[in-house]
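Numbering (the working numbering), first residue to last: -4 to 196. Virtual Cβ for every residue (Gly too), placed ideally from N, Cα, C. Down below is the structure, laid out as C-alpha cells.
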C-alpha cells in the first residue's frame, strides 16, 4: 500500500511539473511552483525528487521505456503492411500529443544553456540511437549506418514539430506513409533476394 501511494505521489508530482514546464518554461519553474500546482509544500516534493532535473530524468526514463517497447513492436510486425499500419497508428496517437511535443521542444531549447539538462538529454539520445541501430541489424560503424538511424529519428521528431505548427495535419495519411516507408524496404529486400536466387538456379 505504501509503495503504491509513493508511486501515485511521484506520478502527481510529474504531472504538476509537466504543466508548469509548459506554462512557465523549465528555467522559470521552481520547485515552489511545482509544489503549488501539486498542492503540497516544496519540502514534501523533495522527499520524492531532489531537483527539477531529477523529475525530468524520470519523465525521460518513462519515455525511453515506451520508445523501446514501440520500436521493438514495429520491428516484429514488418512481415505485414496491415500490422505495421496498426502499430504505427498506435505509436503516433501517443507521440502526437500537444503537451508531449511542447515539453520536448521546451527541454531541448532549455538544454542549450543548461549543461546538466543537456547531459541528460544527450545520454537519452545516445541510448535511443544505439538501440535503433541494433534493432535494424546494421552492424557497421560507417557514417552512413549512423546517418540512416538519424534520418529515421529526425522523421518522427519532425512530424511532431509539424503537428504543433499544423494541428490539422492529416493523421491517417501520415500514418499510412510511415507504414509504407517502414514496410516497403523489407519487402523490396525480399524481392531482391528472390531475384538473386532465381539467377543462380
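message = Buried or exposed for residue 39, going by 16 or more other Cβ atoms inside 10 Å?
response = exposed
query = Is the distance from the Cβ of residue 16 to the Cβ of residue 98 below 7 Å?
reply = With respect to the 7 Å criterion, residue 16 and residue 98 are classified as neighbours on the basis of their beta carbons.
key: residue 139, enclosing alpha helix (DSSP H) - first and last residue   = 138 to 160
task = Classify residue 91 as helix, strand or coil using the three-state DSSP reduction.
result = coil
Candidates 112, 161, 138, 67, of which the one nearest residue 83 by Cα = 67
ask   = Cα separation between residue 101 and residue 145?
value = 21 Å
key: Start and end residues, alpha helix (DSSP H) containing residue 65   = 47 to 71
ask   = From residue 94 to residue 44, what does the alpha carbon distance come to, in whole angstroms?
value = Answer to the nearest angstrom: the Cα atoms are 22 Å apart.
query = Would you report the Cα separation of residue 104 and residue 138, rounded to the nearest angstrom?
reply = 27 Å
ask   = How would you write the range of the alpha helix (DSSP H) that residue 163 sits in, first residue to last?
value = Taken as a continuous stretch (DSSP letters only), residue 163 belongs to no alpha helix (DSSP H), as it is neither H nor E.
message = One question on the structure: do residue 73 and residue 178 come within less than 7 Å of each other, judged by their Cβ atoms?
response = yes
ask   = Start and end of the alpha helix (DSSP H) containing residue 21?
value = No alpha helix (DSSP H) holds residue 21; DSSP gives it neither H nor E.
request  = Count the other CB atoms, across all protein chains shown, that sit within 10 Å of the CB of residue 111; report buried if there are 16 or more and exposed otherwise.
outcome  = exposed
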